[in-house]
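Numbering (this note's numbering), first residue to last: 63 to 197.
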């Protein structure tokens, strides 16, 4: 019985995450493209706004070419209602700078975010961030 339920949940998560890219691309690579875009898991393409890409570059300075886009904001049910995180040192640094303040909690590889912070981030980085749902 559990295997049927597990397969059902896997399929639901696959559907919920079809907007995620097959591969992320480097920020500097995206800035050099005429039409910066990535291919999504459902086969469609997602185009980045060059102004957002430039904002990310400005926030990161000399580290900009090391970060990849889109920035993925993870929602994991087990973390508690309204708790999200961004993984990766550069991505965490980027989000901290975007928020302009020290977030509630950070460690070396992740930055934890509240729902209002995610809403703010998604408002500013409409095309260069996305939310992933994980079990």
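Where is the CB? At the ideal position from N, CA and C, for every residue including glycine.
Bear in mind the structure is a predicted one, so any value in this text is a computation, not a measurement.
Quiz item: Of all the options 140, 132 and 171, which has the alpha carbon lying nearest to the alpha carbon of residue 183?
Solution: 132
Quiz item: Roughly how many angstroms lie between the CA atoms of residue 150 and residue 112, to the nearest whole one?
Solution: 23 Å
Quiz item: Looking at the unbroken beta strand (DSSP E) that takes in residue 172, where does it start and where does it end?
Solution: 172 to 176
Self-check item: Assigned secondary structure, residue 191 (DSSP; H/G/I helix, E/B strand, else coil)
Solution: strand
Practice problem: Determine the direct distance from the alpha carbon of residue 116 to that of residue 195, and round the result to whole angstroms. | Solution: 27 Å
Quiz item: Candidates 118, 193 and 129: which alpha carbon is nearest residue 88's?
Solution: 129
Quiz prompt | Length-filtered (3 minimum) beta strand (DSSP E) runs lying within the segment 68 to 101 | solution = 99 to 101
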